[in-house]
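Peer 1: The listed protein sequences derive, respectively, from chains A and B.
Residue 9 is where the first sequence starts when you use my numbering, and the numbers rise one by one after that.
Residue 103 is where the second sequence starts when you use my numbering, and the numbers rise one by one after that.
Glycine residues also receive a C-beta, built at the ideal position from the N, C-alpha and C atoms.
Note that the structure is a prediction, hence the values are computed from the model and not measured.
Structure provided below as structure tokens; questions to follow.
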Amino acid sequence: MDINEHVIEVTDLRRVYGGGFEAVRGISFSVGRGEVFALLGTNGAGKTSTVELLEGLAPPAGGRVRVLGHDPHTERAVVRPRTGVMLQEGGFPSELTVAETARMWAGCISGARPEGEVLERVGLARKSGVRVKQLSGGERRRLDLALALLGDPEVLFLDEPTTGLDAEGRQGTWALVRALRDSGTTVLLTTHYLEEAEGLADRLAIMHRGRIAASGTPAQVTAAQPSRISFQLPDGYFLGDLPPLAELGVSGHELDGRVVRLRTQQLQPAATRLLVWAERAGVELRGLDVRSASLEEAFLAIAREASASKEEEFAV
Amino acid sequence: MSTAVTTPVGRMTSLARAELTLLGRSKGTLFTALLVPLVLPFSVRAGVKQMDLAGTGLSVGTIVVPAAIGFSLLFAVYAGLVGVFTARREELVLKRLRTGELRDAEILGGSALPVVATGLAQSVILAVGCTLLLGLAAPPALYLALLGLLLGLVMCAVLAAVTSAFTRSMESAQVTTLPLMLVSMIGSGMFVPLEVLPDRLAAICERLPLTPVITLLRGGWTGDLSVSDAFGPLVTALAWIVVGVFAVQRRFRWEPRR
Numbered sequence: 009m010d011i012n013e014h015v016i017e018v019t020d021l022r023r024v025y026g027g028g029f030e031a032v033r034g035i036s037f038s039v040g041r042g043e044v045f046a047l048l049g050t051n052g053a054g055k056t057s058t059v060e061l062l063e064g065l066a067p068p069a070g071g072r073v074r075v076l077g078h079d080p081h082t083e084r085a086v087v088r089p090r091t092g093v094m095l096q097e098g099g100f101p102s103e104l105t106v107a108e109t110a111r112m113w114a115g116c117i118s119g120a121r122p123e124g125e126v127l128e129r130v131g132l133a134r135k136s137g138v139r140v141k142q143l144s145g146g147e148r149r150r151l152d153l154a155l156a157l158l159g160d161p162e163v164l165f166l167d168e169p170t171t172g173l174d175a176e177g178r179q180g181t182w183a184l185v186r187a188l189r190d191s192g193t194t195v196l197l198t199t200h201y202l203e204e205a206e207g208l209a210d211r212l213a214i215m216h217r218g219r220i221a222a223s224g225t226p227a228q229v230t231a232a233q234p235s236r237i238s239f240q241l242p243d244g245y246f247l248g249d250l251p252p253l254a255e256l257g258v259s260g261h262e263l264d265g266r267v268v269r270l271r272t273q274q275l276q277p278a279a280t281r282l283l284v285w286a287e288r289a290g291v292e293l294r295g296l297d298v299r300s301a302s303l304e305e306a307f308l309a310i311a312r313e314a315s316a317s318k319e320e321e322f323a324v
Numbered sequence: 103m104s105t106a107v108t109t110p111v112g113r114m115t116s117l118a119r120a121e122l123t124l125l126g127r128s129k130g131t132l133f134t135a136l137l138v139p140l141v142l143p144f145s146v147r148a149g150v151k152q153m154d155l156a157g158t159g160l161s162v163g164t165i166v167v168p169a170a171i172g173f174s175l176l177f178a179v180y181a182g183l184v185g186v187f188t189a190r191r192e193e194l195v196l197k198r199l200r201t202g203e204l205r206d207a208e209i210l211g212g213s214a215l216p217v218v219a220t221g222l223a224q225s226v227i228l229a230v231g232c233t234l235l236l237g238l239a240a241p242p243a244l245y246l247a248l249l250g251l252l253l254g255l256v257m258c259a260v261l262a263a264v265t266s267a268f269t270r271s272m273e274s275a276q277v278t279t280l281p282l283m284l285v286s287m288i289g290s291g292m293f294v295p296l297e298v299l300p301d302r303l304a305a306i307c308e309r310l311p312l313t314p315v316i317t318l319l320r321g322g323w324t325g326d327l328s329v330s331d332a333f334g335p336l337v338t339a340l341a342w343i344v345v346g347v348f349a350v351q352r353r354f355r356w357e358p359r360r
């Protein structure tokens with residue numbers, strides 16, 4: 009088994025819906041064996057449209073998808089026995105019980121593990137006699153996860169696996185994904201929870217309006233973003249009373265009422281200089297908040313850029 | 103633990119088993135599927151008794167038996183399966199099933215199996231029951247009746263998939279199934295034998311999907327349909343099935359419309 013083997017390869021992928029709407033506009037990425045890769049984005053960014061192409065549910069309008077070296081749509085029979093899929097919204101007959109649903113699915117896939125064992129793993133063993141329609145949203149999510157795991161897949165596609173789960177269920181799913189990764193499973197997941205991507209993914213791509221706006225390890229993606237310092241202007245002070253921003257090492261600022269927000273690439277020196285100034289001036293910086301660049305910052309920056317370019321489009 | 107590799111038969115069996123469980127839990131579908139075809143033949147019988155059948159070579163029995171099986175095909179198989187396919191699509195079950203190893207035809211076939219089997223059993227019971235109650239002789243050309251029944255079951259399943267493609271919800275299924283059911287009941291020789299219709303109208307009615315099925319069934323009981331006479335209905339029935347399969351491949355929807 010080649011550690012550098014690309015289990016998922018996507019090249020210039022495009023997806024166009026019937027009405028002409030281009031949901032995926034030429035994206036490329038690859039996922040190595042045993043990697044956890046997250047597709048991050050707001051609702052409507054094109055995550056699910058992309059994952060459905062990887063799952064082979066539809067042919068791409070352009071570009072190429074390879075999963076385990078095969079086309080997941082045209083070579084369905086070769087790829088499917090080796091993949092597990094959790095759709096964004098489950099699809100179970102509401103009148104079947106949990107156990108009946110698992111048994112049905114187990115009969116439809118190669119190398120199924122015992123249903124009880126897998127239900128146990130997602131914490132649903134006690135619900136096995138309950139009809140699907142009586143499950144909570146979170147329990148349905150976990151049933152969907154159980155079905156995705158049932159065939160011991162080499163590649164797992166999880167479309168928003170923790171949406172609708174409570175904090176405990178979310179932690180449980182995260183632990184499960186980590187355990188799967190440790191046992192060599194390749195996982196591609198979509199999420200709009202930033203902390204989920206940051207905590208789980210080895211690498212991630214942020215999608216926006218059908219394109220990949222940023223990609224890399226969580227550290228790489230956040231490194232491109234500035235850190236932030238914010239505080240309230242002391243009474244009687246104006247923005248001009250602060251030391252010159254360039255001297256502080258601040259690359260940009262905003263004033264929102266009395267709240268000052270500074271952006272900097274050098275957080276520690278900038279914060280030190282600001283605090284030394286405040287100490288000498290004898291003022292208190294109320295609501296002081298100093299934080300390193302986060303995925304959230306990266307995410308918001310991408311949304312900001314995008315809305316700015318949208319305004320340009322309108323201006324033209 | 104199950105075996106390493108699944109087979110089409112194994113997958114369809116697993117799916118059919120789940121569908122059978124669901125069928126048993128769907129009281130409304132069961133009621134329509136089981137009761138209506140059992141009751142309707144008696145109303146037909148009352149009407150047929152007043153018809154002038156002299157010179158047509160037909161008897162009350164040879165009209166009622168094919169009609170009874172026709173009702174079973176329409177109510178139990180056709181309408182039942184439009185409901186099954188539509189409900190599974192709306193619940194996203196079809197989409198879910200398509201993420202696995204099942205092929206498209208296996209998904210539709212496996213889902214249809216319990217209903218088709220119900221229709222088959224019901225038709226056999228109706229045929230035996232009516233034959234005994236109306237004092238008919240055993241069908242002299244049983245092979246024609248069996249051929250008609252087989253074609254009818256396959257055709258109704260295929261046309262149900264086609265109809266489901268144009269059906270957005272379980273509620274609209276009650277409307278979308280009406281055209282074929284009404285046209286078949288009026289024009290396919292179930293109530294009114296084609297023999298008593300004007301020639302031009304009869305020629306059109308012969309091309310309707312369920313007409314060849316009824317013709318073959320009736321031929322089984324009258325015994326006066328020769329092999330060459332059976333050829334035309336056979337071709338018509340097969341043509342409808344082929345066109346239906348083609349339409350399903352092109353038009354079937356696996357996900358709800360957004």
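Going by DSSP, which residues form a beta bridge with A/Arg271?
Peer 2: Answer by DSSP bridge pairing, in chain order: A/Arg236 and A/Gly260.
Peer 1: For B/Thr265 and B/Thr278, what's the separation of their Cα atoms in angstroms?
Peer 2: Distance between the alpha carbons of B/Thr265 and B/Thr278 is about 7 Å.
Peer 1: With 8 Å set as the bound, which would you pick, yes or no: does the beta-carbon of A/Phe322 sit closer than that to a beta-carbon of chain B?
Peer 2: Because the pLDDT at A/Phe322 is just 48, under 50, the model does not fix this residue reliably, and the point stays unresolved.
Peer 1: DSSP puts B/Asp206 in a beta bridge; with which residues?
Peer 2: Its beta-bridge partners do not exist; DSSP assigns none.
Peer 1: Which value, in whole angstroms, describes the spacing of the CA atoms of B/Cys232 and B/Ala240?
Peer 2: The alpha-carbon atoms of B/Cys232 and B/Ala240 are separated by roughly 11 Å.
Peer 1: Give me the chain A residues within the contact set of B/Val350, using Cβ-Cβ distance strictly less than 8 Å, ordered along the chain.
Peer 2: In chain order: nothing, as chain A lies at least about 18 Å away.
Peer 1: Among B/Thr269, B/Ala243 and B/Ala229, whose alpha-carbon lies nearest the alpha-carbon of B/Asp331?
Peer 2: Ranking B/Thr269, B/Ala243 and B/Ala229 by Cα distance to B/Asp331 puts B/Ala243 first.
Peer 1: Could you name the residues that DSSP lists as bridge partners for A/Ile214?
Peer 2: Beta-bridge pairing links A/Ile214 to A/Leu48 and A/Ala222.
Peer 1: Following the continuous beta strand (DSSP E) through A/Asp20, name the residue where it begins and the one where it ends.
Peer 2: Start and end: His14 to Val24.
Peer 1: By how many angstroms is the C-alpha of B/Ala169 removed from the C-alpha of B/Leu340?
Peer 2: Their backbone Cα atoms lie some 20 Å apart in a straight line.
Peer 1: Can you give me, in chain order, the residues of the stretch 197-226 of chain A that have a beta carbon less than 9 Å from any beta carbon in chain B?
Peer 2: Those would be none; no residue qualifies.
Peer 1: So the candidates are A/Lys135, A/Thr109 and A/Val86; which of them puts its Cα closest to the Cα of B/Thr108?
Peer 2: The residue with the shortest Cα to Cα distance from B/Thr108 is A/Val86.
Peer 1: Quick check on A/Ala31: does DSSP put it in helix, strand or coil?
Peer 2: Three-state result, A/Ala31: strand.
Peer 1: At least one CB of chain A closer than 8 Å to the CB of B/Ala135: is that the case?
Peer 2: Output row for B/Ala135: interface = no.
Peer 1: Would you call the CB atoms of A/Arg90 and A/Glu162 closer than 8 Å?
Peer 2: In this structure, A/Glu162 lies closer than 8 Å to A/Arg90 by Cβ.
Peer 1: Quick check on A/Ala231: buried or exposed, where buried means 16 or more other Cβ atoms within 10 Å of its Cβ?
Peer 2: A/Ala231 is exposed by the Cβ-count criterion.
Peer 1: Which residues, in order along the stretch 197-226 of chain B, keep a beta-carbon less than 8 Å from a beta-carbon of chain A?
Peer 2: Listed by position along the chain: Lys197, Arg198, Leu199, Arg200, Thr201, Gly202, Glu203, Leu204 and Arg205.
Peer 1: So A/Arg139 and A/Glu176 are in contact, right, with Cβ under 8 Å, and what is the actual spacing, rounded?
Peer 2: At roughly 23 Å, the Cβ-Cβ gap does not stay under 8 Å, so A/Arg139 and A/Glu176 are not in contact.
Peer 1: If you drop the 5 nearest sequence neighbours on each side, which residues of the same chain put their C-beta closer than 8 Å to that of A/Ala66?
Peer 2: Contacts found: Arg23, Glu60 and His81.
Peer 1: Please list, in chain order, the chain A residues whose beta carbon lies closer than 7 Å to that of B/Leu140.
Peer 2: Residues of chain A passing the Cβ test: none, with the nearest at roughly 25 Å.
Peer 1: Can you name, in chain order, every residue of its own chain whose Cβ lies under 6 Å from the Cβ of A/Ala323, other than the five neighbours on each side?
Peer 2: The predicted position of A/Ala323 is uncertain, since its pLDDT is 45 and thus under 50; a value taken from the coordinates is nonetheless stated next. Contacts found: none.
Peer 1: Name, in chain order, the residues that DSSP records as bridge partners for A/Gly98.
Peer 2: Answer is none; A/Gly98 lacks a bridge partner.
Peer 1: Would DSSP call A/Phe246 helix, strand or coil?
Peer 2: Coil at A/Phe246, not helix or strand.
Peer 1: Would you identify the three-state DSSP class for B/Arg309, choosing helix, strand or coil?
Peer 2: Three-state DSSP puts B/Arg309 in coil, outside helix and strand.
Peer 1: Output needed for B/Phe268: all residues of its chain with C-beta closer than 7 Å, excluding positions within five of it in sequence on either side, in chain order.
Peer 2: Closer than 7 Å at Cβ, skipping near neighbours: Thr278.
Peer 1: Is any beta-carbon of chain B found at less than 8 Å from that of A/Leu253?
Peer 2: It does not; no Cβ of chain B falls within 8 Å.
Peer 1: Buried or exposed, going by whether 16 or more other CB atoms sit within 10 Å of the CB of A/Leu158?
Peer 2: With 16 or more Cβ atoms within 10 Å of its Cβ, A/Leu158 is classed as buried.
Peer 1: Which residues, in chain order, does the stretch 108-120 of chain B contribute to contact with chain A at a C-beta distance below 8 Å?
Peer 2: Those residues of the stretch 108-120 of chain B that come within reach of chain A (Cβ to Cβ, closer than 8 Å) are Thr108, Gly112, Arg113, Thr115, Ser116, Leu117, Arg119 and Ala120.
Peer 1: Which residue's Cα is closest to the Cα of B/Leu140: B/Ile209, B/Arg119 and B/Phe173?
Peer 2: B/Leu140 has its Cα closest to that of B/Phe173, out of B/Ile209, B/Arg119 and B/Phe173.
Peer 1: Per DSSP, which one or two residues make a beta bridge with A/Gly92?
Peer 2: According to DSSP, A/Gly92 bridges with A/Leu164.
Peer 1: Please work out which residues of its chain come closer than 6 Å, Cβ to Cβ, to A/Asp210, disregarding the five sequence neighbours upstream and downstream, and give them in chain order.
Peer 2: Answer for A/Asp210: Glu43 and Val44, listed in chain order.
Peer 1: In chain A, which residues lie less than 7 Å from B/Leu124 when you measure between Cβ atoms?
Peer 2: The answer, in chain order, is Pro101, Glu103 and Leu104.
Peer 1: Identify each residue in the stretch 106-135 of chain A for which the Cβ-Cβ distance to at least one residue of chain B is less than 8 Å, and report them in chain order.
Peer 2: Listed by position, the residues of the stretch 106-135 of chain A near chain B (Cβ gap below 8 Å) are Glu108, Thr109, Arg111, Met112, Trp113, Ala114, Gly115, Cys116, Ile117, Ser118, Gly119, Ala120, Arg121 and Pro122.
Peer 1: Please list, in chain order, all residues of the same chain as A/Ser131 whose beta carbon is under 7 Å from its beta carbon, the five residues on each side excluded.
Peer 2: Inspection of the sequence shows that residue 131 of chain A is occupied by Gly rather than by Ser. Hits under 7 Å: Arg150 and Gly180.
Peer 1: Would you list the residues sitting across from A/Leu196 in a DSSP beta bridge?
Peer 2: Answer by DSSP bridge pairing, in chain order: A/Phe45 and A/Phe165.
Peer 1: Name the chain B residues whose beta carbon is nearer than 8 Å to that of A/Gly98?
Peer 2: Near A/Gly98 (Cβ distances below 8 Å), the residues of chain B are Leu194 and Arg198.
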